[in-house]
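Note sheet for the following structure.
Residue numbers (UniProt numbering): 1 to 500.
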């Protein structure tokens, strides 16, 4: 049985610019065949057993020839698999998607094209340069910059006479030749030019000049591929329209160590402020199943007077079990409910329950302080939480009344590869490491092994609160900053304050 191939455009770099259909294809793919410039975050959206095949191309260095790539796509589809050929930008804009489609069509392999945002438009937009503008350019022309074998095909005289915007993709190695030919064929040497390197990415770099000096400027500022060359008066608009590089965390690199299940909100907020994020989850949430002890506690919930939930994970797992037993939130009607943290409170509210109390400081000590003033010997507390939680809360409350602590999930070590993070950070002069619990830090050290000490010494360490900070300091490392409000928003506030 034949499979199906999706030729998917991944967009200009920022993984959030992929289309909804493109993302759906990635999530259902059995095989992803991807290029060099594909954002790694997109690959992380794939299902657990997805097969990855790298066929990246770099100038003069090809892992696979185009003929070999065509055959790989074909062979994988023949095995009945859903194959995603993931390409930067749009498959049909200098992406050789047409050739791959033809190859499949001749062999009767079903395929679809999923268009992507081309860097010729999206990349320039992130640099503050519209490809057209009513007052500056009513047309545009996109040209491949691989000119060494194509000089005879380009009519430089016609190109030089164009009034619209001219965009060269993959042309940085031929920049001097491009500028020279346009000037020699009548283009004004003072025509504005910009080069956008790594467009849409948080380390985007833009150099501006004109046809006569842009090559020297590109050399001076070490502009490298992937880069877009844009020629025309629309470049003048960058001064007013450059939104991306003005974001407050633009240029900052931040390592996020939260569990994969929890990282999305944190990462999304950091990226909204312009930061580069690297997701390196050092913990994984594993629900303890079966859990007869939790089932019995829920079935006999009337024996308790208080329910304490100390994390979002605890809330979600508790309610999952509650619902699986055929109950709903009304089962908890006779309880006083307390939580630690605003995120935990919001998680409760999603299940239709507003907590009775939440301490001002999001640590066990403050919850204990509150409860000591209200608990009596007649009370009984249900405390479902992580297996490796601190003992402080149970020890203190047990001095007053009965406490049933039930282990409902484990936080185990993450499985991301240490060498990938080491490689990512090798050329970074400055970066931040964020830790949101003692286990995120301890597991970071364990996963990185001998490399951890060097990375922790080079990076600026940010902690979510005093408990985590204590563990970091006990490990022999300096805490660069501790969130005043012990939430991910508190860490973001630290970063923003640093830039102001």
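No residue lacks a Cβ here, since even glycine has one placed at the ideal position from N, Cα and C.
If you follow the alpha helix (DSSP H) that residue i is part of, which residue opens it and which one closes it?
i           : result
residue 484 : No alpha helix (DSSP H) contains residue 484, which DSSP labels as neither H nor E.
residue 268 : 263 to 272
residue 313 : 312 to 324
residue 69  : 66 to 78
residue 472 : 466 to 474
residue 452 : 451 to 458
residue 286 : From DSSP, residue 286 is part of no alpha helix (DSSP H) but of the beta strand (DSSP E) over 283 to 287.
residue 4   : Looking at the DSSP string, residue 4 is not in any alpha helix (DSSP H); the run it does join, the beta strand (DSSP E), is 4 to 9.
residue 298 : 292 to 299
residue 350 : 342 to 350
residue 479 : That residue, residue 479, is in no alpha helix (DSSP H); it is neither H nor E in DSSP.
Let me know if residue i comes out buried or exposed under the rule of 16 or more other beta-carbons within 10 Å of its beta-carbon.
i           : result
residue 290 : exposed
residue 304 : buried
residue 478 : exposed
residue 437 : buried
residue 103 : buried
residue 345 : buried
residue 248 : exposed
residue 364 : buried
residue 163 : exposed
residue 496 : exposed
residue 110 : exposed
residue 145 : buried
residue 502 : This structure cannot settle anything about residue 502, because the visible part of the chain is limited to 1 through 500.
residue 187 : buried
residue 356 : exposed
residue 105 : exposed
residue 34  : buried
residue 403 : buried
residue 268 : exposed
residue 95  : buried
residue 203 : exposed
residue 39  : buried
residue 179 : buried
residue 319 : buried
residue 481 : buried
Beta carbon of residue i, beta carbon of residue j: below 7 Å?
i           : j           : result
residue 407 : residue 288 : yes
residue 440 : residue 491 : no
residue 329 : residue 358 : no
residue 93  : residue 25  : no
residue 137 : residue 234 : yes
residue 246 : residue 128 : no
residue 312 : residue 347 : yes
residue 70  : residue 100 : yes
residue 142 : residue 167 : yes
residue 9   : residue 90  : yes
residue 513 : residue 325 : This structure leaves residue 513 out entirely; the chain is present only between 1 and 500.
residue 459 : residue 281 : no
residue 165 : residue 122 : no
residue 54  : residue 107 : no
residue 340 : residue 375 : no
residue 117 : residue 12  : yes
residue 119 : residue 228 : yes
residue 31  : residue 81  : yes
residue 226 : residue 37  : yes
residue 412 : residue 405 : no
residue 301 : residue 321 : no
residue 77  : residue 50  : no
residue 7   : residue 97  : yes
residue 443 : residue 283 : yes
residue 424 : residue 278 : yes
Is residue i near the ligand MN, with its Cβ less than 6 Å from a heavy atom?
i           : result
residue 358 : Only the bare structure without any ligand can be found here, which leaves the ligand MN out of the picture.
Starting from residue i and walking both ways along the beta strand (DSSP E), at which residues does that stretch end?
i           : result
residue 158 : It is not in any beta strand (DSSP E) - residue 158 instead sits in the alpha helix (DSSP H) that spans 156 to 161.
residue 402 : 402 to 413
residue 377 : Neither: residue 377 is in no beta strand (DSSP E) and is coded neither H nor E.
residue 436 : It is not in any beta strand (DSSP E) - residue 436 carries neither H nor E in the DSSP assignment.
residue 168 : 165 to 169
residue 278 : 276 to 279
residue 363 : Counting along the chain, residue 363 falls outside any beta strand (DSSP E), and DSSP gives it neither H nor E.
residue 339 : 336 to 339
residue 307 : 306 to 309
Please tell me whether residue i has its Cβ less than 7 Å away from any Cβ of chain B.
i           : result
residue 409 : Here chain B cannot be found, since the structure has a single protein chain.
Determine contact between the region 421 to 435 and the region 332 to 343, defined as no fewer than three beta-carbon pairs at a distance below 8 Å. no
Secondary structure, alpha helix (DSSP H): runs of 4+ residues fully inside the region 198 to 263: 214 to 220 and 238 to 241
Extract the residue ranges of the beta strand (DSSP E) inside the region 30 to 54, only unbroken runs of 3 or more that lie entirely within it. 31 to 34 and 51 to 54
If contact is defined by three or more beta carbon pairs under 8 Å, each pair taking one atom from either stretch, is the region 188 to 200 in contact with the region 256 to 263? no
Three or more C-beta pairs below 8 Å linking the region 444 to 457 and the region 292 to 310: no
At a cut of 8 Å, does the region 384 to 391 reach the region 206 to 218 through at least three beta carbon pairs? no
Ignoring anything shorter than 3 residues or poking outside the region 79 to 140, list the beta strand (DSSP E) runs there in chain order. 82 to 87 and 111 to 114
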